[in-house]
Amino acid sequence: MDFSIFQQYGPALLKGFANTILCWALGTVLGMALGLVIALIQRYAPRPIRWIVQAYIEIIRGTPFLVQLFVLYYGGPLIGLRLDALPAGLLGLTIYGSPYFAEIFRSGFRAVPHGQIEAARAIGMTEMTIVRRILLPLGLVSALPALINFSIILTKETVILSIITVPELMYQVNRMSTETFRYLEANLVLALFFWVLVETISRVGRRLETRITKHLIERT
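For the sequence shown, the residue numbers in our numbering are -5 to 214.
1. By Cβ distance, which residues of its chain are closer than 6 Å to Y67, with the 5 residues on each side in sequence left out?
2. Is it the case that the region 192 to 211 contacts the region 23 to 36, given that we only count it when at least three CB pairs across the two stretches are under 8 Å?
3. Measure the beta-carbon distance from I53 to R44 and round it to whole angstroms, keeping in mind my assumption that it falls under 8 Å.
4. Mark R176 as exposed unless 16 or more other C-beta atoms lie within 10 angstroms of its C-beta, in which case mark it buried.
5. Mapping DSSP to helix, strand and coil, what is P71?
6. Using C-beta distances below 7 Å, list every residue in its chain close to I233, excluding the 5 sequence neighbours before and after it, in chain order.
7. Per DSSP, what kind of secondary structure is L77 in: helix, strand or coil?
8. Quick check: the region 99 to 108 against the region 162 to 177, are there 3 or more CB pairs under 8 Å?
9. Considering only their Cβ atoms, is the gap separating S156 from W18 smaller than 9 Å?
10. At what residues does the alpha helix (DSSP H) containing E162 begin and finish?
11. Classify T120 as helix, strand or coil using the three-state DSSP reduction.
12. Using a Cβ-Cβ cutoff of less than 6 Å, which residues in the same chain neighbour V167 once the five nearest sequence positions on both sides are dropped?
13. Just mark T14 as buried or exposed, buried being the case when its beta carbon has 16 or more other beta carbons within 10 Å.
14. Taking only the alpha-carbon atoms, compute the straight-line gap between G102 and L77 and give it to the nearest angstrom.
15. Would DSSP call P40 helix, strand or coil?
16. Quick one: complete alpha helix (DSSP H) runs, 4+ long, within the region 168 to 197?
17. Looking at the structure shown, is G86 part of a helix, part of a strand, or coil, going by DSSP?
18. Pull up the distance between the alpha-carbon of P131 and that of P93, whole angstroms please.
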């Protein structure tokens, strides 16, 4: 194995890794936000709207991310939606992740004891206050491990963005492999970068879970 090639391609790989982190972070945050909105719609919206939202969830979860990305990037111009590769990739990750996050939030909400919600209504709390003071904090504790786990899964989905020429890590690794024919070294570095990212997310997630749980215990 010849690792001297990284002297030449190191800056490009680091830039690709930075783009991977950017795509993952924005895609996760936006997907989580959209998923939360979808979960609240499923809980509070009239039945016809819930049916539409459920159809969206089933369609997105039932189709591969690659197909969704192709439809968005190559099919978008047919309806006037013209996006560069990076915005299309971010939008694709957001759309792909939102149904999964929505189901995670929904299960977290269902884990909240119904008696606490009824007690809040009995003392005159509005539904918005119940969501903000009870449903979100308690539901988040139950949902946090699954949220962290799916966030880790999204890190690995970012490699698909290279197919529409988003200059993330996989794109740079493929470029280096094609130009040098050093496929083993390139993919070992790819695996190392993703291992570091996943380990970082896991450790941060565990600390966040501990802090939130401790904070809620102190509140009660």
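For each residue, glycine too, the CB sits at the ideal point set by N, CA and C.
The relevant details are as follows:
1. As a first step, residue 67 is located in the sequence shown; it is residue number 73 there, counting from the start. For Y67, the CB contacts under 6 Å within the same chain, skipping 5 residues up- and downstream, are A82, I158 in chain order.
2. Contact between the region 23 to 36 and the region 192 to 211 is absent, because fewer than three Cβ pairs lie under 8 Å.
3. As a position in the sequence shown, residue 53 is number 59, starting the count at 1. As a position in the sequence shown, residue 44 is number 50, starting the count at 1. With 8 Å as the limit, I53 and R44 do not qualify as a contact, their Cβ atoms being about 15 Å apart.
4. Here residue 176 refers to the residue found at position 182 when the sequence shown is read from its first residue. Looking at its Cβ environment, which holds 16 or more other Cβ atoms inside 10 Å, R176 is buried.
5. The count along the sequence shown starts at 1 and reaches residue 71 at position 77. Helix.
6. Residue 233 lies beyond the range of the chain shown here (-5 to 214); nothing can be said about it.
7. Locating residue 77 in the sequence shown gives position 83, counting from the first residue. In the structure shown, L77 sits in coil (DSSP, three-state: anything other than H, G, I, E or B).
8. no
9. Working through the sequence shown from its first residue, we reach residue 18 at position 24. Working through the sequence shown from its first residue, we reach residue 156 at position 162. Not closer than 9 Å, so no.
10. As a first step, residue 162 must be located in the sequence shown, where it is residue number 168. Where E162 is concerned, there is no enclosing alpha helix (DSSP H), given that its DSSP letter is neither H nor E.
11. Within the sequence shown, the letter at position 126 stands for residue 120. Here T120 sits in coil by DSSP.
12. Numbered from its first residue, the sequence shown carries residue 167 at position 173. When the five nearest sequence neighbours on each side are left out, the beta carbons in the same chain lying within less than 6 Å of the beta carbon of V167 are those of A180, L184, in order along the chain.
13. Mapped onto the sequence shown, residue 14 falls at position 20. It counts as buried.
14. For the purposes of this step, residue 102 is taken as residue 108 along the sequence shown, with counting starting at 1. For the purposes of this step, residue 77 is taken as residue 83 along the sequence shown, with counting starting at 1. The alpha-carbon atoms of G102 and L77 are separated by roughly 35 Å.
15. Mapped onto the sequence shown, residue 40 falls at position 46. Coil, per DSSP.
16. none
17. By one-based count along the sequence shown, residue 86 stands at place 92. Reduced to three states, the DSSP call for G86 is helix.
18. Sequence index remark: in the sequence shown, residue 131 carries index 137 (1-based). Sequence index remark: in the sequence shown, residue 93 carries index 99 (1-based). Rounded to whole angstroms, P131 to P93 spans 20 Å at the Cα level.
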